[in-house]
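Undergrad: Handing you a structure now.
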Amino acid sequence: MRIFDPHIHMTSRTTDDYTAMYDAGVRAVVEPSFWLGQPRTAPESFYDYFDSLLGWEPFRAAQHGIAHHCTLALNPKEANDPRCTPVLDALPHYLLKDSVVAVGEIGYDSMTPAEDTALAAQLQLAADHELPALVHTPHRDKAAGLARTLDVVRESALPAEHVLVDHLNETTVDAALDSGCWLGFSLYPDTKMDEARMVRILADRGPDCLRRTLVNSAADWGHSDPLTPRRFGDALFAAGFTPDDADQVLWRNPVAFYGLSGRLALDVAPPAATHEGNSLLRGGD
Ligand SMILES: [Zn+2]
Numbered sequence: 004m005r006i007f008d009p010h011i012h013m014t015s016r017t018t019d020d021y022t023a024m025y026d027a028g029v030r031a032v033v034e035p036s037f038w039l040g041q042p043r044t045a046p047e048s049f050y051d052y053f054d055s056l057l058g059w060e061p062f063r064a065a066q067h068g069i070a071h072h073c074t075l076a077l078n079p080k081e082a083n084d085p086r087c088t089p090v091l092d093a094l095p096h097y098l099l100k101d102s103v104v105a106v107g108e109i110g111y112d113s114m115t116p117a118e119d120t121a122l123a124a125q126l127q128l129a130a131d132h133e134l135p136a137l138v139h140t141p142h143r144d145k146a147a148g149l150a151r152t153l154d155v156v157r158e159s160a161l162p163a164e165h166v167l168v169d170h171l172n173e174t175t176v177d178a179a180l181d182s183g184c185w186l187g188f189s190l191y192p193d194t195k196m197d198e199a200r201m202v203r204i205l206a207d208r209g210p211d212c213l214r215r216t217l218v219n220s221a222a223d224w225g226h227s228d229p230l231t232p233r234r235f236g237d238a239l240f241a242a243g244f245t246p247d248d249a250d251q252v253l254w255r256n257p258v259a260f261y262g263l264s265g266r267l268a269l270d271v272a273p274p275a276a277t278h279e280g281n282s283l284l285r286g287g288d
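So the number in my numbering is just where the residue sits in the sequence shown, counting from 1, plus 3.
Written out as structure tokens, the structure is:
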């Protein structure tokens, strides 16, 4: 089973995770830029983070045979902090980089006016750069959060089929299907969505849903597990879906969505020994 995790925060994960992911079939990941769990106090803190998503993390992934791309944006939560909003002016420079395959994650956290502004501005940036957009939907008040998100997407210059709405569940999947967007589901160990519920969503809704669904671990610094996509693939087989169905959801759909950028490079280059003079050996010894 080949697996493309379209949303995982490897910066927060260990080399053991990379090894376990490779052993489970993961050959490609996309790492969206997001909130680090504590507030950043200056835009420069974002730029160092963006540089690590563009340089160090792909280098680290390549050591484990995994292709790494990223999506860059001002995340929804920090869009509310005036110390961080200058990042919006710097993004056009970063969005030109080869391994950036979407603008994201953007969207709503608490649905404030500042989040409205950042979401609309970044959907426009995606359209200007001919990139798709990864849109996070709120973990609280999900139905209202998705409805407002889809309104803003409809008013944007970006066509729905260039937008992935993520963190869906049973309460939001049908509205997302009607919108024409791609559908993202984050599977967590014991909260929010899990593998069995994900299989039921696909079984109940049929082939159109399957053709537009991407499944991710959204693994980060919180309680999460980079192997949930593999367990979902196993649960699909157990429910009678075919290997081709699993390949559609776990590989071909993320390739089709991020391929809209024209920048996906899935052959992992032989690992370089160093990145900008630094190795994984902490000083070279
Ligand atoms: Zn995320």
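Every residue gets a Cβ at the ideal spot worked out from N, C-alpha and C, and that includes glycine. Here the structure is a predicted model, which is why all the values come from computation and not from measurement.
Would you say the segment 5-12 touches the segment 49-59, given that touching needs at least three Cβ pairs under 8 Å?
TA: no
Undergrad: Note down the Cα distance separating THR245 from MET4, rounded to an integer number of angstroms.
TA: 11 Å
Undergrad: Given 7 Å as the limit, tell me if ALA221 has its C-beta closer than that to any heavy atom belonging to ligand 1.
TA: yes
Undergrad: What's the C-alpha gap between ARG30 and ASP131?
TA: 30 Å
Undergrad: Would LEU12 and TYR261 be called neighbours here (beta carbons separated by less than 8 Å)?
TA: Sequence check: residue 12 is His here, not Leu. No, they are not a contact pair.
Undergrad: Only counting the same chain, and skipping five residues up and downstream in sequence, which positions put a Cβ closer than 7 Å to that of ASP3?
TA: This structure leaves residue 3 out entirely; the chain is present only between 4 and 288.
Undergrad: So the candidates are LEU128, PRO79 and VAL103; which of them puts its Cα closest to the Cα of GLY110?
TA: PRO79
Undergrad: Pull up the distance between the alpha-carbon of GLU108 and that of LEU161, whole angstroms please.
TA: Taking the Cα positions, GLU108 is about 15 Å away from LEU161.
Undergrad: Should PHE240 be counted as a contact of ligand 1 given a C-beta to heavy atom distance under 7 Å?
TA: In this structure, the C-beta of PHE240 stays at least 7 Å away from each heavy atom of ligand 1.
Undergrad: Expressed to the nearest angstrom, what Euclidean distance is found between the alpha-carbon atoms of THR194 and SER227?
TA: 9 Å
Undergrad: Between ALA129 and the rest of its own chain, which residues show a CB-CB distance below 6 Å, the 5 nearest in sequence each way excluded?
TA: VAL106, ALA136 and LEU161
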